[in-house]
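Counting in the UniProt record's numbering, the sequence shown runs from 1 upward without gaps.
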Amino acid sequence: MVHPIQIGKRTRMSFSKVKEMCPMPNLIEVQLYSYDWFWKEGLNEVFDDINPIQDYTGNLILEFIDYILDKDAIKYSVEECKERDATYAAPLKVKVRLLNKETGEVKEQEVFMGDFPLMTQQGTFVINGAERVIVSQLVRSPGAYYGYDVDKTGKKLFSATVIPNRGAWLEYETDSNDIIYVRIDKTRKLPISILIRALGLGSDAEIIEWFGEEERLKSTIEKDNTKTREEALLEIYKRLRPGEPPTVDSAVSLINSLFFDAKRYDLSRVGRYKFNKKLAIYIRLLNQVAAEDVVNPFTGEIIVQKGETIERDKALEIQNCAINAVNIQVEDKIIKVIGNNFVDIHNFVDFDISDLKIKEHVHYPTLKKILDNYTDEESIKEEIRKNIHELIPKHIVVDDIYATVSYELGLPYSIGTIDDIDHLGNRRLRSVGELLQNQFRIGLSRMERVVKERMTIQDQEVITPQALINIRPVAAAIKEFFGSSQLSQFMDQTNPLSELTHKRRLSALGPGGLSRERAGFEVRDVHHSHYGRMCPIETPEGPNIGLINSLACYAKVNEYGFIETPYRLVDKKDARVKEEIVYLTADEEDHYLVAQAKEPLDKEGHFLEDKITVRTLEDVIVVSKHQVDLMDVSPSQIVSVATAMIPFLENDDASRALMGSNMQRQAVPFLKPAAPIVGTGIEFKAAVDSGVLPKAEHDGVVEYVSSTEVRIRRDADGGLDRCKLLKYKRSNQGTCINQRPIVSKGEKLKAGDVLADGPSTDFGEIALGQNIRMGFITWEGYNYEDAMLVSEQLVRDDIFTSIHIEEYESEARDTKLGPEEITRDIPNVGEDALKNIDERGIVRIGAEVRSGDILVGKVTPKGETELTAEERLLRAIFGEKAREVRDTSLRVPHGEAGIIVDVKVFTRENGDELPPGVNELVRCYIAQKRKISVGDKMAGRHGNKGVISRILPEEDMPFLPDGRPLQICLNPLGVPSRMNIGQVLEVHLGWAAGEMGWHIATPVFNGAFEDEIVDLLKEAGYNADGKTVLYDGRTGEPFDNRVTVGYMYILKLHHLVDDKIHARSTGPYSLVTQQPLGGKAQFGGQRFGEMEVWALEAYGAAHTLQEVLTVKSDDVVGRVKTYEAIVKGENIPEPGVPESFKVLIKELQALCLDVKVLSGDNEEITIKESVEEEMEELGVNIEGNEDEIIPTTQHQQSKDDSEEAVEDMNDIDEFDEMKLEYNDLPLDEFENGLELEDFNDEH
């Protein structure tokens, strides 16, 4: 039944039926742990791989001994980095030793290896002032994979692929004649026996003895025309290096470098682990029948007798005795099974070797050599340390290749299993740490080349490590990764949930991953191994569907990069669920039967039912309670954080739930956030882990609270902790970040308690929307197609009001004609336009600005013109005249307005770092309060989205019997066909809870039932069906039927109408076609396309159509004439020839076609070659026509204007004056009165 739970500072009434057994892990630990691993182990591995660097004579040896990240030398804090466009990084210093073998001289030095970006506590990086997130990548794990194709006759043709982390691939395939081929590194195929011979089994007899009598192997040997190892080596060399003279030695070294050289072939730890797992002999021996006695080589005991079926413990014993080949009986055939000769070292040494940190199986022949030669503990440990790379080779070994062949031979007899590439046991995560490690490795190997060259060039006597090492390649590789990798993304900071989800995102795209175009349906589909690891709901709609996923709530990533999920262990004997929790990867879970989390238990944890429903692979079956192995820890285990925030998810259709979880990430933070009345209980955890809430670092007592700071007196040492709060900062998406304290003076705090609310949080809980009183009722057709009717009260009371902050910057550069200057003294600008500008020429904080207002006054030197004789005389008499400058001020762009909330000025004098050529940089922040308006997109949490169609006066809205008007009316037709019934249950529960003053937690798959909601409605004094009589606000009459009303949690999404509304009269035109540009960013026009032309044709509106296609588009002369005619109030002249027609003629001429334009009576019409000729008729002189022709009064400069654009900026007022002259001057009076600049305005 419903019971109270304490979540942060708020009590919620919870409907959950299952006790949470396992606490949810820190939700951004994927990022934090991985980065931590990089510094502790990852970087070490890279240095170990490259050590030592030797010159070509082997005389000089350079070694990297140790490294340190100097965190005391961090230049700026995170906040300062964001302000100054800097990178939050610390210097990496490496201790390097140079050994000269000839002289025996050793030099050690600490070398600076560049600044390395640091991860903030929130799991992000600050690169050039912008917060970025490194997304984890899902890739195919290295290992051996087996599959099959079916030929025409229905025969299974087995194939295999051996994939390393980097290096040459091995691919096996069978043809329909039962011959097994191998492809080495994607080249032409060879019979597999050639590769086996080349690896050391030269003769046919040796091969048969090693692999056993197998039909396909015999037919392969028959097909193979080599008979000895030498012949096989030459044959392979010919295939891999065609055109080079083959010799046995070069063939041996080729094969060694392809497979057995750690620098060229790398399996990585994961690869070695997967190989040992796949190729271990015991997995293939399970439940097979032995063809002979299997004897323990150490004791002589018989482990398995001939004809006995091999059980799991016997199979393990065989593996642990280092028996690498066993013959088994399959029907009437004897098949030999060969393992890869790797064993668990703990079975062979009887002392503690935990300090060696060996987690993988080791190569038995190498281990045997050590154990045979040494007996005492110390020397064995020492030898193991020395030979660790031979014991656990990072490259493939001959035993591995033999085992892969043996596996291939056994598959037709059902020995071994086929792999599913989409199974999460075969896909792993590359998180930040590993991605960084790979980049660092690339940088280091580039540096290694430079070091080797310098070793040979420089004088060996005076050489130092510092002189050898060039850090540029390393720094460049890291910088390139953070700046431009597909996996380094600009953080989605719309609200705390979008931040959190971005850090937990898993992408199959990116370097080394899939591409959108090539990814098929199987990769994108939900797989049974996703259960508890990846969310089956949250993924984007569109081309990336299924390629970008989200980590499930409880999932963790293990050291190999596989995703694990927690389960409770079950004691099979007495069918009791233990408290103990295990984390399993997808392939480990496959062997077990798993019960669901809601399975009823008694007090001790015994199953109450005798028959239990369990999952096994993709099936759901019913078994006896004594067969269950594991049990889920929580019903919300399978979904991601965003999906777990949808109440009654179980009552929604999956595709609508997908939209719901995606749209929550687009909700803008409100002025007054409100936590949902109907929540799921995960809101607090999500907000705390997202990193937007300041938390207490130690236990203590609050000593001082203001809107900008909280001070806490520590209990431990009486010291003071200060926590500065962020006020009205701009997020990456332009939403507002503001923190408000929620603690009071004298309050006792524990470490980790929340001190203040951030954006979209309320008492420490995520609050993405508002609780709105709504009804499912149509109103005069304003609900058509999901539109929403809202009450004016929402506008008046600022319920859906959000603050948006935009940043504009202007820089004063050095130009060829002299430096630009930021000043209040701007040519041809009246005092009225400067009323908000201070003496420096910068807008004052608090000023209200509209589009076109000056933010930063700036002038740029103009080119000097050739002087006339009179001017030269005057210049000589009166000295230097005022410098010619033009106005290039930063203005508020078209359609923007707001209040200046902050201005930042950076200059070289103040010691700020500025890009080269920039003397001064000014940033202005404009904040807007955006009330809700018609055209804004709103949505619930169940994928029920819509656009506001009308804002109705409060008195006209339908009202309840007690007089309260509804705030929103939704269309009831939007529910049944969409099958998101969760919204209806939410409304009913919210209706009851709102009346009782409760906040509710109804966790996913574990929430309120229908009858519980009915009971609650009755308790609140409402009807059991949740409906009520509604009255029409206009007439006061009741509506015909009773209506479902209640409280729904509604979000306002980031798609705001203010960002989309756009209008243009004249503006910029494209250079070649002279047609208006498109899009709001370019201040473009609306495209009058093919279908719109048809519409006018259908009406026969010939003149309208002609006007649209000529003077309103690309008839250059007509445009100017028409503008002039409108200004003078004359009739609009005949249109001329559109520019695009001239382009067409030019294109035909480019095809060597002679094109003539003829009139109706076959007279040739001469088309002027250039705009200039036509303009002369107009009395307009256009010179140096190299830019766009833009008769426009819109003057604006976007943030990313190039230097040239700044220099070519035109003088606003010549054009304004020209318009005035137009009114009373006949055109011919200013023959040369107009310059190009009058028509030209760079955007």
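We put the CB at the ideal spot given by N, CA and C, even for glycine. All values derive from a computational prediction rather than experimental measurement.
key: Nonlocal neighbours in the same chain, by C-beta distance under 6 angstroms from Met659, ignoring five residues either side   = Residues of the same chain with a CB within less than 6 angstroms of the CB of Met659, apart from the 5 flanking positions on each side, are Gly943 in chain order.
ask   = Looking at C-alpha atoms only, which residue of Gln288, Asp797 and Gln319 is the closest neighbour of Glu311?
value = Measuring from the Cα of Glu311, the nearest candidate turns out to be Gln288.
task = Please determine, among Val248, Ile179 and Arg472, the residue with the shortest C-alpha to C-alpha distance to Leu199.
result = The shortest CA-to-CA distance from Leu199 to any of Val248, Ile179 and Arg472 is the one to Val248.
ask   = With C-beta atoms as the reference, is Glu792 less than 8 angstroms away from Pro953?
value = Yes, Cβ-Cβ distance for Glu792 and Pro953 is below 8 angstroms.
message = Tell me the DSSP secondary structure of His528 in three-state form.
response = Secondary structure at His528: helix, using DSSP grouped into helix, strand and coil.
message = Mapping the DSSP letters down to three states, classify Arg505 as helix, strand or coil.
response = Strand at Arg505.
ask   = Since Leu157 contacts Ser176 with CB under 8 angstroms, what's their CB separation in whole angstroms?
value = For Leu157 against Ser176, the beta-carbon gap comes to about 7 angstroms, under 8 angstroms, which counts as contact.
Three-state secondary structure assigned by DSSP to Leu1148 = Judged by DSSP in its simplified three-state form, Leu1148 adopts helix.
message = Let's see if you can read the secondary structure: which residues bound the alpha helix (DSSP H) around Asp372?
response = Per DSSP, Asp372 belongs to the alpha helix (DSSP H) from Tyr364 to Asn373.
ask   = Once you ignore the five residues that flank Glu522 on each side, which residues in its own chain have a CB closer than 6 angstroms to its CB?
value = Counting only Cβ-Cβ distances below 6 angstroms, and skipping sequence neighbours, we find Asp422.
task = Assess, as a yes-or-no matter, whether the region 687 to 703 is touched by the region 628 to 639 under the definition of 3 or more beta carbon pairs within less than 8 angstroms.
result = As far as the Cβ criterion goes, the region 628 to 639 does not touch the region 687 to 703, which means the pair count is below three.
key: Three CB pairs or more closer than 8 angstroms across the region 210 to 218 and the region 322 to 336   = Output reads yes: the region 322 to 336 touches the region 210 to 218.
request  = Entirely within the region 566 to 595 and at least 4 residues each: give me those alpha helix (DSSP H) ranges in chain order.
outcome  = Within the region 566 to 595, the complete alpha helix (DSSP H) runs of at least 4 residues are 586 to 589.
query = Apart from the five residues on each side of it in sequence, which residues of its chain come closer than 7 angstroms, Cβ to Cβ, to Asp902?
reply = Short of 7 angstroms from the beta carbon of Asp902, and not among the five residues preceding or following it, lie these beta carbons of its own chain, in chain order: Ile845 and Tyr925.
task = Determine the contact status of Ile192 and Leu444, defining contact as a CB-CB distance below 8 angstroms.
result = Contact flag unset, no.
Cross-strand partners of Glu848 (DSSP beta bridge) = Residue pairing by DSSP places Glu848 opposite Ile899 in a beta bridge.
message = Can you tell me where the alpha helix (DSSP H) holding Leu989 begins and where it ends?
response = Per DSSP, Leu989 belongs to the alpha helix (DSSP H) from Gly982 to Met996.
ask   = Using the rule of at least 16 other Cβ atoms within 10 Å of the residue's Cβ for burial, across every protein chain shown, is Val18 buried or exposed?
value = Val18 is buried by the Cβ-count criterion.
request  = Leaving aside the five residues before and after Gly546 along the sequence, list all residues of the same chain whose C-beta is less than 6 angstroms from its C-beta, in chain order.
outcome  = Only Arg524 and Thr539 meet the Cβ criterion.
ask   = Would you call the region 456 to 465 and the region 426 to 433 in contact, with 3 or more CB pairs under 8 angstroms?
value = The answer is no - the region 426 to 433 does not touch the region 456 to 465, with fewer than three Cβ pairs under 8 angstroms.
request  = Have a look at Thr643 and Phe1005 and give me their C-alpha separation to the nearest angstrom.
outcome  = Rounded to the nearest whole angstrom, the C-alpha separation of Thr643 and Phe1005 is 11 angstroms.
key: DSSP three-state assignment for Phe116, whether helix, strand or coil   = It is a strand residue.
ask   = Just how far apart, CA to CA, sit Arg850 and Gly769?
value = If I take the Cα positions, the gap works out to 29 angstroms.
message = Going by the DSSP bridge assignment, what does Val1029 pair with across the sheet?
response = Secondary-structure assignment with DSSP links Val1029 through no beta bridge to anything.
message = According to DSSP, Phe64 sits in a beta bridge with which residue or residues?
response = The partner list for Phe64 (beta bridge, DSSP) reads Val96.
key: Rounded separation between Asp653 and Gly512 - CA only   = Roughly 35 angstroms between the two C-alpha positions.
query = What are the boundary residues of the alpha helix (DSSP H) that Gln122 is part of?
reply = Where Gln122 is concerned, there is no enclosing alpha helix (DSSP H), because DSSP gives it neither an H nor an E.
task = Thinking Pro473 and Ile766 are a contact (beta carbons under 8 angstroms), I'd like their distance in whole angstroms, please.
result = About 44 angstroms separates the Cβ atoms of Pro473 and Ile766, ruling out a contact at the 8 angstroms cut-off.
query = Expressed to the nearest angstrom, what Euclidean distance is found between the alpha-carbon atoms of Glu871 and Phe878?
reply = Going by the C-alpha atoms only, they are around 10 angstroms apart.
ask   = Considering only C-alpha positions, which residue in the set Tyr88, Glu79 and Val623 is nearest to Ala73?
value = The option with the nearest alpha carbon to Ala73 is Tyr88.
key: Identity of the residue in Val790, Leu1096, Asn320 and Val843 nearest Val947 by Cα   = A check of alpha carbon separations from Val947 across Val790, Leu1096, Asn320 and Val843 identifies Val790 as the nearest.
request  = Pick helix, strand or coil for Tyr1099, following the three-state DSSP scheme.
outcome  = DSSP places Tyr1099 in helix when its eight states are reduced to three.
request  = For the beta strand (DSSP E) containing Ile338, list its first residue and its last residue.
outcome  = For Ile338, the enclosing beta strand (DSSP E) begins and ends at Lys333 to Ile338.
request  = Figure out for me which residue from Pro4, Ile7 and Glu20 has the closest Cα to the Cα of Met631.
outcome  = Of all alpha-carbon atoms in Pro4, Ile7 and Glu20, the one lying nearest the alpha-carbon of Met631 is that of Glu20.
query = His1055 and Gln928 look like a contact to me (Cβ under 8 angstroms); what is the Cβ gap, rounded to whole Å?
reply = The beta-carbon distance between His1055 and Gln928, rounded to whole angstroms, is 16 angstroms. This is too long to meet the 8 angstroms contact definition.
request  = Would you mind working out which of Ala751, Leu279, Glu811 and Ile742 sits nearest Gly700, comparing C-alpha positions?
outcome  = Nearest C-alpha to Gly700: Ala751.
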